[in-house]
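What follows is a short report on a single structure.
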Amino acid sequence: MNLVQNFPFLSIILTLSGGVVCSVLKGSNARKYCYFVLTSVLVGSLLTMAYVLSTGESYVYMMGHFPAPWGNEIRVGVLETIMASLFSGIMLLSLMGGMHHIFEDTEDTKSNLYFTLVSLLSASLLALVYTNDLFTGYVFVEINTIASCALVMIRYRSGKALVATVRYLFMSLLGSGLFLIGITILYDITGHLLMENIAQSVSVLFQTGTYAFPLSVVVVLFSMGLAIKSACFPFHTWLPGAHGNATVSSSSILSGLVLKGYIFLLIKIFYRVIGMNIIFHERATNVLFIFGVFAMIIGSIKAIQEKDLKRMLAYSSVAQIGYIFLGIGLGTEAGIAAACLHIIVHAITKPMLFTACGGFMDVSGGSKKFSDIQGAGLRDKLSGIAFIVGAMSMIGIPFFAGFISKVYLTTAAIEYSSIKTVVALAALAISTLLNACYYIPAMLVLFTHPKTEKVHTHPRSKEMSLSLYIFIGLNFLMGCFSQPIVNAVIQGIAMFR
Amino acid sequence: MLGLITGLIVFPMITGVLCLLPVFQDDRRRNLFTASVLGLNFIFVLLCFAQEGSFDLLHLSDHLSLRFMFDGAGRFFLLLAGLMFLMVGIYSFEYMTHEHNRPRFYVFYLLTLGALNGVCLAGNYMTLYCFFELMSLLSMPLVLHSQTEESISAAKKYLLYSVFGASLGLGGFFLFTVYGGSTNFVTGGVIANELHQLQLSSELLFQRNMLLIGAFLAIVGFGAKAGMMPLHAWLPTAHPVAPACASAVLSGVITKAGVLAIMRVVYFLYGSSFLCSTWVQYAWLMLILITVLVGSTLAYKEKILKKRLAYSSVSQVSYILFGLAGLNTWSLTGALLHAAAHSMIKDVLFMGAGSIIMHGHTERADKIDGLGLKMPVTFACITVASLGLIGIPPLFGYISKWYLCTGSLIAHHNFFGWLGPVVLLISALLTAGYLFTLTINGYLKKEETESDAHEAGFLMLAPMLILCTLILICGLFPNLVTQLIEFVNTLA
Amino acid sequence: MIQLFINYYETVAVIIFSIGFTTMLLNRNLIKKIIGFNFMDCAIYLFLACKGYVEGRKAPIIIDGVQSMEAYINPVPSGLVLTGIVVSVSVTAFLLALTIRLYYRYHTLDIEEIIVLSKKEED
Amino acid sequence: MKIREDYEQVGWRKLIHWVNADLQEDYISKDHVIHDQLHLKENAAQEKNKRIDELKSSLQALAKTHGKQWYEKSYRIFSIFVAVAMIIVLLGVVSQLPSFGDPSNPANNEVSERYIESGLQETGAVNIVAGMILDYRAFDTLGESHVLFIAAVSVLILLRMDYGSDGKLRKTKGIRDEGYDRMYEPRNDLILQTVTRLLFPMIVLFGIYVILNGHISAGGGFSGGAIVGAALILYNNAFGFNKTKRFFTYNTFKWVSFASLITYALLKTYSFYTGANHLHSGIPLGEPGAILSSGLILPLNICVGCVVACTMYTFFTMFRKGGM
Amino acid sequence: MNYLMMIAIAFPIIWGACLPLLHYKEADRSSRNKYALTGTLITSALVLLNVFTFKSNAGFQLIQLTDKMSIVFDVDALSCVFLCLIAILWPLAVLYAWEYMHHEGKENKFFSFYLMTYGIVIGLACSANLITFYLLYECLTFATIPLVMHAMNRRAIKAGRKYFMYSIAGAATAFVGIMFLVNYGTSLDFIYGGTLDLVKIGSQQNLILFGYILTFFGFGVKAAVFPFHGWLPSAGVAPTPVTALLHAVAVVKAGVFAIMRVTYYSFGAAFLSGTWAQSIVLSFACFTIVFGSVCAWKQQHLKKRFAYSTISNLSYILLGVGMMNAQGLCAGLAHMLIHGIMKICLFFCVGVVMEKTHREYVPEIEGMGRVMPITFGCFTIGSLSLSGIPLFAGFISKAALGTAAVSSGLPLGLAGLCALLISAVLTAAYTFEIVIKAFFPSKGFNTRHLREFKDPSWQMKTPLIVLSVLMILIGLHGTELMNLLSKIAMNLM
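Here it is as C-alpha cells:
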C-alpha cells in the first residue's frame, strides 16, 4: 500500500480531531489550527488525485483488519479526490474571505467553537465523498446537518438567523428521516450495507422481479430525502432564509459545498448502488429533471423580485441547483458529467459572490439592502470586480467558468434527443436570460454613484483580498483552460461504476 | 453622337441651374436667356433627325448601363416636346409676371426639359427608368410652385404616384432581366425576335407567365404618368394647383413621356406579336376604356376650369393608349397622330385657361359668361382647339380618331373590336359637352357683373395662335405627320 | 394483507413513522414538532430492531462457548439502533436549545408567528 | 391648429383620401407650438402610470390577508393527505417485506454469520454487538461520538451565557442571571440531600461497572456513561451548583471530552492504519470473559463513557442555567 | 500576416482603454479629440493593410478553450467586406463626434468605449470560428451598453436596459443554436458550404433546422428582425455618433454578418435551401421590410424614423441572404455596404439638425433647407440614394436584390420583390416628405426665427460631403464593386 493511499483516511481523521482540538484552543489559535488542517487536507487530496490519475483506477481503503462487508471501507477514485480537493480548497478560501465577519458576529469566548463546526463539517463532507457504506453515509449526513445548522445559528444575535436555523433543521431532519428509512428497507431486502454488495443483490432482485415495489419505494425515498436536504425545487423554502441571514463565510460554505455534498451522495447512490438502468426504469430521473427545470425558472424569477443582495444570491443558488438536477435528470453519462462540472463551477463562483457581498456590506454600514449598497462596487473596487466576474460566470459568458458547464449541459441535452432535449434547451435559454435579468440590475445598482456618501467602516483585510484574487484566478482558469479538469471528471465518471 | 446627347440633355440642365445666378435676377434678361435656350434645343432636335443608331455612355454594373438610341419614335416625341416647351416657354414669360420667385420656376422648367429629352433618347430599360424617375422628381417643384398647402400636398402626392409607378416599372425590369435577356430596345421587340418559340412550348409556360406579369406591371407603372386608371388620381389634384404654364407642359408633354415609355416596353422589348391576344392586352384595354369613360364624365361634372381640362387630358391620353393597345400598325399610327394632336390642343386650352385666370380673374368654368367679348382672340383659339379635340373633320383631331377606330375594328380582339370605337364616340360626345359650354358661355351669354377683364398680351396670344394654325395645317395635310411616323410599320 | 399481520412490528413502526412525519410537517408548535421528530426516529429504530430478530434465538452475547449461527439473532441492526439513538438524542438537544432561545426572544412557540415577528422586527 | 397626435391620425387618413383623389388640408404648424405639446403629453402619461402603481399595491395587500386563511385550510388538508398517502405506501412496502423472525431472511447472510461465529476469536469480545460497534464497524461509532460532541458544542454556543473577554457577564436579552434557577424549589431540601448522599455513590459505581463490562455483558460505553451522567445530575439537583462546581466545572467538561475523544481517535487511527496496510497490530486480545480482554474495546468504552457522561451533565446545566 | 491582424484588433482596445488614464480635462478637448482620431486612423490603416494583403487560412490561435472550441482569428473574403465598411466609416464618425460631443459631456468615457468597440468589431469580423464569434458578439453588447446609456438620464438607462435584455435573450437563443453545431457539425470553423456532417444528422433533419431557426432569431435580435426590433427605435435616445455608427452600421451589421456566417459558413446554404427554415426566414424578412417602412412613415421623431428605416433595410439584406444562393449573398453584401454609407450620412444630417437647432420632430424642420444648404443637400442625396433612384448607390444594390429575388424562382422570392417595391415607395414617402418640407416651406411661413441656424463647422461637414460623394461615385461606377462581391459570394477570392 503506497503511503499516498492513506491520505484520504488521514484527512478525515485529521479534520475530525481538528474539531475537537479547536474546541479547547483560543479564538485566534483555533483559526491558525483550522487553516493548518484545511491546507494539509487540500495538499493530501491533490496528491491522492495525482496518484489515482497516474494509476488510472480507483482503489478501496479497508478501515480496520476486516475486509469490506464486515468492516468499514472507503473507496477513492478520481472523481472523489477532485471533489475532496475542491471542497477543502473552497472551504479554506471561504473562511479566509469572511474571517473578520466571523469575529464580529460571534462572542469572543465562542469564536473558537465556530472553527470546530467548520472542521467537523469538512470531515463530514470528506466522509460523504469517500464512504462506500450507506450507514456510515447516514452518520456523516447527520454530522453535516447539525454542523451546517450550527453555522447558520452562529449569528444567533439576529432573530432572523435563529428562525432560519429552526426551519432549516426541521426540513433537513425530514430529509434524513426519509433517507434512514430508505436505508433500513434496502438493508432488509438486500441484507447488505456496503454499496457493491447492495448493487449486486439489487440487480439480482431487479432481474427476478422480487421486492419490486419496495425497491421503487426505496428509490423514491432516497431521491426525496436527498432532494429535501439539497434544496431541490419544491423543498427549497428554507434556503433563502438560511443562506441569506448567515455570516458571509457560512453562506459561502453552505451554498458552495454543503448542498453539493448531498447531491454527490445522491449521484453515488443512483450511479453505483442502484445502477442507472434501474433508475431509468423507475422514471426517477424524469421527476428530478422536472424539478430541475422548475427550479431554474422559478428560482431566477424569485431572485429578480428580491430586494436584498444576499437573499438574491441564495435564490440564484436554488436556480443553479436546478441546473445540476437537470444534468442528473438527463440520466446519461454525459448528463452526470455535466452535473459534476456544474458542481465544480458553482462551488468556485457562488462563494466568491458571497465574499464580495460581504465586502459590500463592510463599505455600506453592514446592510444588505439594494438601497443601501448603491455604489458599493465603486467604493470597494476588488469586491466589485469579483462580483462582476461571478455574475458573468453565472450568466455563462465565454472566458468565464459558467460557460464551460453550460456548453456541456447543452451538448448532453442535445445528445439525448427526445422531448427532454427541447424542454432542456428552452429552460437553459430562458434561465440564462432570467439570470441576466437579476445580475445586471444588481451590477447597475452597485456601480452607479450613490446620492449620499457612505462612511467607509472597515478597511478590507489582507486575507479577504487574497481569497478574492484566488477566486477570480480560479474562475478564469476554469473558464479558459478547463480541458484537463473536464477529462479528469469524465475519466472519474467512467471509473465510478 | 455624343455632342447631340450632351446638347439635348445636359445643356438644358446646366442652363437651368445657371438661371439661379444673380445676373439673371432681372426678368427681361432671364426671359431672353430661356427663350434662346429653348430655341437652341429645338434646333438640336431638328439636327438629330439626321442621326441613327445607339451607343452605351456609362456602365453602372455588369448588366446595368446608360444607353442612348436615336430612332423614329424617339425623334417624334423629341420634336413634340421641343415644340411644346418652346411655345409654353414664350407664353410663360408674360404669365409668370403675377407669380413670385420666378427664377426657381425656370430652373426646374429647363431641368424637366432635359430629363424629358433623356426619356425620349433612352436606349434601354434602365436608362428609361432612370430619366423617368428624374423627370418626375424635377417636375414636382413645378407643381408646388405656388407653395400653398394644397400645392405642397398635391406635389407630394404627384411624386409618390409617379415613384410608385416607376417602382412597378422597376419590378417589370427585374422580371424582364431574369426571364427576358438583355434589356436594350430592339425595334420589333427582344422577345418577339429571339424567343419566338416561347409561345408554343408548354414547359416554358412559367417563364412566359412571368414575362406577361412583367409586361403588365410595366404598363400599369408607366401608365401612372399617362393618367391610366388605377394610378390616375394625382392628375386632377396636381394640375389645378400648378401655374397654368406648368400644367400646360405637365398634361401636354409629360403625359406623352408616359405614353412613350409604354410604347418602348410594349413594342421594343416584348414585341406586339408576343403580347397579341394575351390576358395582358385585354386587361389593358379594359383599364383604358374605363379611364376614357370616367375621365370624360368627371370632366363634364367639374366646375373648376383647370380641373375640367385635367380630367379631359386623363381621358384623351387614354385614347392614345387605346391606339397602343391595338397592337397593329393602323391603331399605332392613330395613337401617335392623336398624341401630337392632343398635346397641341391641350396646350392651347391650358394657355387659354391661364389667360382667363390671369386677365379674366375667374377660375370657375360657370363664371366666364360674356368674357368672350372682352377676350375675343383667346376664346377663338379655345373654340378651334375644342373643335379639334372633339374630332371635327378639317382639324387635326379627326384623322387620329379615324385611324384609331379603323385599327380597332380591323384587329377585332374578340368583343373589344367593336366596344372600343363605341366608347370613343360616347366620350367624344361628352368632350363636346364640356368644351362647347366654354365657347357658348364665353361668347353668347351676357356678363352680369362689370369686370375689368381685358385681352391677354401679345406674348400670351402668339403661341396660342401659332398652335391653332398648326392644328389647322395638320388637320388639312395629315401626311406631313404620317411621314414622320412611317417607322410604325416596322414595329407592329 | 396477511403479511401485514405477520410483520406486525413493522406495520406499527410504519404507522408511527407516518404520524411522526406529519406532526413534524403539520404542527405549528415547536415542541410538538420535536415530539413528532422523536416519534419518527423511535419508529425507525423499532423498524430496524425487529429486522434483526430471528425466531427462537437469543441476544448475541456468547454464553458458555456456543458460537453457532443458529443460537443468536443478527447483531448488525442492534448495532445500528445504538448509533441511531445517540443521533436522535443529540439532535433533540440541539432543537430544544433552539426552541428555548426563540422563546426567550419572541415569547411564543408558534413558528408562523415567530416568522411574522422576525420579519416585522427587522424593518 | 393640429397637434402632433392629430397629425399622426391625419397621416393614416391620407391613405383614404388618395382613393377618392382629393386632399383638403395637410398638417399646419407654427414654430414651437408642437414642441411643448409633445412634452405635455409625456408627463400626463407619467401621472397615469403612478396612479396605476398605487392601485396595484393596495390590491396586493388585500390578496395577502385573504390568501392567509385560504393557505391555512389548504395546508391542513394537504398534510392529512400526505400522512394517509405515506401510510398506504409504507404499508404496501411492509406487506411485501420478508416476514418477521424468519431465519431465511436476506439479512441473515454471511455478514452476521461471521460476526457470530468468529466474533469472539477476532475481537475477543463476548458481547458481539460491542465487538461489532467498536471493532468491525468502528468508523461509524467514531462518527457517532463526534455527533454527540458537535451537539454539545452547538448547545454550548446557544445557551451558554456569554462572558466578555474581561470576564464580566455580558447581559444578553432573555438569559436570566445566576440566581433565577432556584426561584420555585426550596433550597437545601433535607430529604433529597440525605437520599442523594446514600444513592450517589451506588449509581456511580454501577455506571462504572456497566462501562467496564461493556465487552462481556450487555451495556458499554454509551449506557454506562448515561448512568454516570444521571448520577451527576442528581447530585447537582440536590446540592446546587456551588457544591458541584467544586469538582465539575466547564473546564473539566472541556478537557475530559477533549482527552477522551483524542485518545479514541488515536487508538482507532492506529488500528485502522495497521489494518489497511496489513500490518500486525500487537494488541493482545486476552482470554475471553476477563475484564482486561478484547484488545482496544475496553479503553474505547471508557473514553465513550466519559464523553457521554460529561455531555449529559452539560446538557442539563446548559438548559438549567446556561453556565456551570 | 496574422500578427498584423492581432495588432489591428488589440491596438484600438488598448488605445481606448488608456484614454481615460491620460485624464484629459475639459479645457484641452482638442488634444483628446486628436488623440482619438489618430488612434482610429492608425487602426483603419492597419485594417486596410490587412485586407489588401490577406491570404486566407493563416489563422492566429489565441487560446484553446476545450478540445472542440478555441479562439482563432483569420481574415477571409467575407470579413474583408465588413472590415472595409467599418474601416472607412469609423474615422468619419470620430471626426463627426468631435463637435457633436461638445454639448453632450463625459467625452473621455465616450471616446474610450468608442475605440474599444472598434477593436471588438474588427475582432468580430476576423473571427474564424463560431465560438470566437459568439464571444466577441457578447463583448460587443457589453462595450455598447455605456455608449447607449451615455446621457445617464432616466430614458437612457431604460433604453440601455431594454437593449441589453434583448441582446442577452438573443445571445442565449443563439448559444443554444450553436450547440447543435457543436454536436452535429464536424467542426466549428467557418468553411464555405457549411460544416454539418450529414451522416450524423441522418433522420433528425428537422431538429437541425430547428437549431438554425434558433440561431437565426438569436442573431436576428441584433439584426432587428420583426418580433425583436423593439430596442432599435428606443436606442435612438443615445447621442447621434452612437446611433449613427452603432445602430446603422456596426452593431446591426454585426447581427446581419452573423446570420451570413451561420447560414453560408456553418449550416451551409445547400443544406438549408428549399427547406421550411428558408421559407420562415424569407417570410419574416419580407414582413419586416414592409413593417419597418410603414412604421418609419408613421413615426414623427426624426431619429426613430430612420431607426425604423434601418430595420426595414436590414431585412433587405436578410432577404438577399435568405435566397441561399451565391447571387443572393452577393446582393446582400452589396446592400450591406451601400446601406451602411447611406444610413450613416442620413443619421449625420439628422444629428446636425438636432445638435444645431435642438429640434427632433419632422414638422419642426420647416424651411431649414435654405438656412442649412449643405446639410440638407447631403440629406437629399442620401434620401435619393436610399429610395433607390438610379445614378445613386441605392439603385445598384436594390437592382441586385430584385434580380436575385426573382431569379431564385421561389414564390417567396416574388413576395420579396413586392415587399422591396412597396418599401421603396414608402422610403421615398418618408424621406422626400422631409426634403420638401425643408426646401419648400408653406406660403405663410415666417423665417425670422430660423435666422440664427447655420451650417455646422468643418468637422461635421466633411463626413457629410465625403459620404455624399462616395454615394454618387458608387452610383456611377458600381461595376467593379459588383464583380468583386459576386466573386466573394462564389467564394472564388
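Residue numbers (this note's numbering), protein chains in the order written: chain A, 2 to 498; chain B, 4 to 495; chain C, 29 to 151; chain D, 2 to 325; chain E, 224 to 716. The beta carbon of each residue, even a glycine, is placed where N, CA and C say it ideally should be. This structure is a prediction, so every number in the text was calculated from the model and none was measured.
Three or more Cβ pairs drawn from the segment 317-327 of chain A and the segment 288-298 of chain A lie within less than 8 Å of each other, which places the two stretches in contact. Three or more beta-carbon pairs drawn from the segment 433-445 of chain E and the segment 375-394 of chain E are found closer than 8 Å, and the two stretches are therefore classed as touching. By the C-beta density criterion, residue 114 of chain C is buried, having at least 16 other C-beta atoms within 10 angstroms. Every alpha helix (DSSP H) stretch that sits fully inside the segment 263-310 of chain A and reaches 4 residues is listed by chain position as 277-283 and 285-306.
Sequence-distant Cβ neighbours of residue 149 of chain A in its own chain, meaning closer than 7 Å and more than five residues away, are 122, 255 and 259. Listed in chain order, the non-local C-beta contacts of residue 182 of chain B below 8 Å within the same chain comprise 210, 213, 214 and 217, local neighbours out to five positions each way being set aside. Assigned with DSSP and collapsed to three states, residue 370 of chain A falls in strand. When Cβ pairs closer than 8 Å are counted between the two stretches, the segment 44-52 of chain A is seen not to touch the segment 469-486 of chain A, the count staying below three. Under the DSSP definition of a beta bridge, residue 130 of chain D lacks any partner. Annotated three-state conformation of residue 73 of chain A is strand, per DSSP. Around residue 624 of chain E, the same chain offers 539, 542, 543, 554, 558 and 643 as residues with beta carbons nearer than 7 Å, after the five sequence neighbours per side are excluded.
What residue 464 of chain A touches in chain C, judged by beta-carbon distance under 8 Å, is nothing: the nearest beta carbon there is about 29 Å away. Note on residue 276 of chain E: under 16 other CB atoms within 10 angstroms of its CB, so exposed under the neighbour-count rule. The Cβ neighbour count for residue 255 of chain E, taken over all protein chains shown within 10 Å, is at least 16; the residue is labelled buried.
Residue pairing by DSSP places residue 71 of chain B opposite B:58 and B:125 in a beta bridge. Under the three-state reduction of DSSP, residue 286 of chain E is assigned to strand. In this structure, residue 478 of chain E lies away from residue 417 of chain E, with their beta-carbon atoms at least 8 Å apart. For residue 294 of chain E, the enclosing beta strand (DSSP E) stretches over residues 294-296.
Residues of the segment 684-715 of chain E with a C-beta atom less than 7 Å from some C-beta of chain B are 699, 701, 702, 705 and 706, listed in chain order. Looking from the CA of residue 613 of chain E, the closest CA among E:385, E:354 and E:699 belongs to E:699. The beta carbon of residue 60 of chain C does not come within 8 Å of any beta carbon belonging to chain D, so the residue lies off that interface. Between residue 657 of chain E and residue 597 of chain E, the C-beta spacing is not below 8 Å.
Across the set A:55, A:118, A:429 and A:108, the C-alpha of A:429 shows the shortest separation from the C-alpha of residue 291 of chain A. Buried is the label assigned to residue 215 of chain A, since at least 16 other Cβ atoms lie within 10 Å of its Cβ.
With respect to the 8 Å criterion, residue 112 of chain B and residue 354 of chain B are not classified as neighbours on the basis of their beta carbons.
Residues of chain C with a Cβ closer than 7 Å to the Cβ of residue 223 of chain D are, in chain order, 110 and 114. Residue pairing of residue 100 of chain C in beta bridges, as defined by DSSP: C:86.
A residue is called buried when at least 16 other Cβ atoms come within 10 angstroms of its Cβ; residue 615 of chain E meets this threshold and is buried.
Within 7 Å of the CB of residue 157 of chain A, the CB atoms of chain D belong to 159, in sequence order along the chain. With respect to chain E, the C-beta atom of residue 487 of chain A has a partner C-beta closer than 8 Å.
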